[in-house]
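Okay, so the sequence shown: first residue is 0 according to numbering that gives the first Met the number 0, each after it adds one.
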Amino acid sequence: METLEKKDPQDLLKLMELFEAQLMYAEQRRLQLNMLQKHGPGAYRQESTALKAAADNISRKATELKKETFDIHRERKTTQAEIGKTIKELEDEWQTEVEKVNALRDAIEHAKQQLEKSSKEIENIEN
């Protein structure tokens, strides 16, 4: 029991699930053997056929769900790529506009300095 206490809880959970699955399998086998003894091979064959059909349906549904999940993930990745491209374009456009604004600020500042310089020169000439 000491080794079980030291194990990871996830490992213990997996162990319990495996144990439950084995119990379910053993119970199903017991029921099948009882049916075989009580009703003969025909009932067992019907039960076996029904179980195989159910297993096939479950397998087919699982395959469909996996394909559907794959398609959803592919669509999500495509959408993310498109949105990422749009975001990149918008960021580039934003950067260009910021550079234009900064260039205009610099031009205005330069023109302001030139105007002040010209005003001082005019004042000096008048005086």
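For every residue, glycine included, the Cβ atom is placed at its ideal position computed from N, Cα and C. Computed from a predicted structure; not experimentally measured.
Which residue marks the beginning of the alpha helix (DSSP H) containing Asp105, and which one marks its end? Indexing the sequence shown from 1 puts residue 105 at position 106. Where Asp105 is concerned, the enclosing alpha helix (DSSP H) stretches over Pro40 to Glu125.
Which of the three DSSP states is assigned to Gln31 in this structure? Along the sequence shown, read from residue 1 onward, the residue named residue 31 stands at position 32. Correct three-state label for Gln31: helix.
Just the Cα atoms here: how many angstroms apart are Arg104 and Ser118? Numbered from its first residue, the sequence shown carries residue 104 at position 105. Numbered from its first residue, the sequence shown carries residue 118 at position 119. Each residue's Cα considered, the two are about 21 Å apart.
Thinking Gln27 and Tyr43 are a contact (beta carbons under 8 Å), I'd like their distance in whole angstroms, please. In the sequence shown, the residue the question calls residue 27 occupies position 28. In the sequence shown, the residue the question calls residue 43 occupies position 44. No, Gln27 and Tyr43 are not in contact; Cβ-Cβ is about 12 Å, not under 8 Å.
Where Leu12 and Phe18 are concerned, what is the direct C-alpha to C-alpha distance, given to the nearest angstrom? As a first step, residue 12 is located in the sequence shown; it is residue number 13 there, counting from the start. As a first step, residue 18 is located in the sequence shown; it is residue number 19 there, counting from the start. Approximately 10 Å between the Cα atoms of the pair.
Looking only at its chain, what residues have a beta carbon closer than 6 Å to the beta carbon of Gln61, apart from the 5 residues adjacent to it on each side? Taking the sequence shown and counting its residues from 1, one reaches residue 61 at position 62. For the sequence presented, residue 61 should be read as Ala rather than Gln. So no residue of the chain qualifies.
Taking Cβ to Cβ, would you say Met127 is nearer than 8 Å to Glu46? Because the chain is modelled from 0 through 126, residue 127 falls outside the range shown and cannot be assessed.
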